[in-house]
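Encoded as structure tokens, the structure appears first; notes follow it.
In the numbering used here, the protein residues as written are 5 to 166.
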């Protein structure tokens, strides 16, 4: 290598990479999780919050459907549920209808933790969209549409492989 330290260039994101959807999504997610951890705390992760939020709406659902609604694959859902159960935020029991399924219920402690996290999440969203509050609903609708379409594409490709 020739040159001196003063000639070393700082790397920046190339335009081609900065326009790649996966890269942009990853960068957004990394920033979001860092802010989540700072504002909500590391005691309740995003996936744990999602499970509690689903259970608040559909308490007593089976673990598989809760995981699906929270956008978690089966192994991640099992891990998240174990962690929440260890903290007494949820209770899992065998289904009386199908012993292979587990029924998941939020506890009063889980409800309290969820309420606290929801308040902090509102603050976080205010910060995230502070530069463009008027477009928040539009931006979220576009992101949700994109997410739904990409989930459909992934399912179609998986079905074509079978």
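All C-beta atoms, glycine included, are put in the ideal place defined by N, C-alpha and C.
Fair warning: this is a prediction, and the values are worked out from it, not measured in the lab.
State the DSSP-derived secondary structure class of residue i, mapped to helix, strand or coil.
| i | result |
| --- | --- |
| residue 66 | strand |
| residue 87 | helix |
| residue 4 | One cannot answer for residue 4 here, as it falls past the ends of the chain, which runs 5 to 166. |
| residue 16 | coil |
| residue 74 | coil |
| residue 48 | coil |
Rounded to whole angstroms, what is the Cα-Cα separation between residue i and residue j?
| i | j | result |
| --- | --- | --- |
| residue 99 | residue 69 | 13 Å |
| residue 102 | residue 128 | 40 Å |
| residue 25 | residue 148 | 15 Å |
| residue 152 | residue 141 | 16 Å |
| residue 30 | residue 96 | 32 Å |
| residue 146 | residue 139 | 11 Å |
| residue 165 | residue 157 | 12 Å |
| residue 167 | residue 116 | This structure cannot settle anything about residue 167, because the visible part of the chain is limited to 5 through 166. |
| residue 76 | residue 154 | 15 Å |
| residue 61 | residue 47 | 22 Å |
| residue 21 | residue 136 | 25 Å |
| residue 41 | residue 161 | 34 Å |
Thinking C-alpha only, which one of the options is nearest residue i?
| i | options | result |
| --- | --- | --- |
| residue 73 | 89, 54 and 38 | 54 |
| residue 114 | 162, 158, 63 and 37 | 63 |
| residue 65 | 38, 94 and 112 | 94 |
| residue 57 | 160, 159 and 108 | 108 |
Per DSSP, which one or two residues make a beta bridge with residue i?
| i | result |
| --- | --- |
| residue 106 | 98 |
Flag this pair as touching only if the region 118-127 and the region 73-86 have three or more C-beta atom pairs under 8 Å; answer yes or no. no
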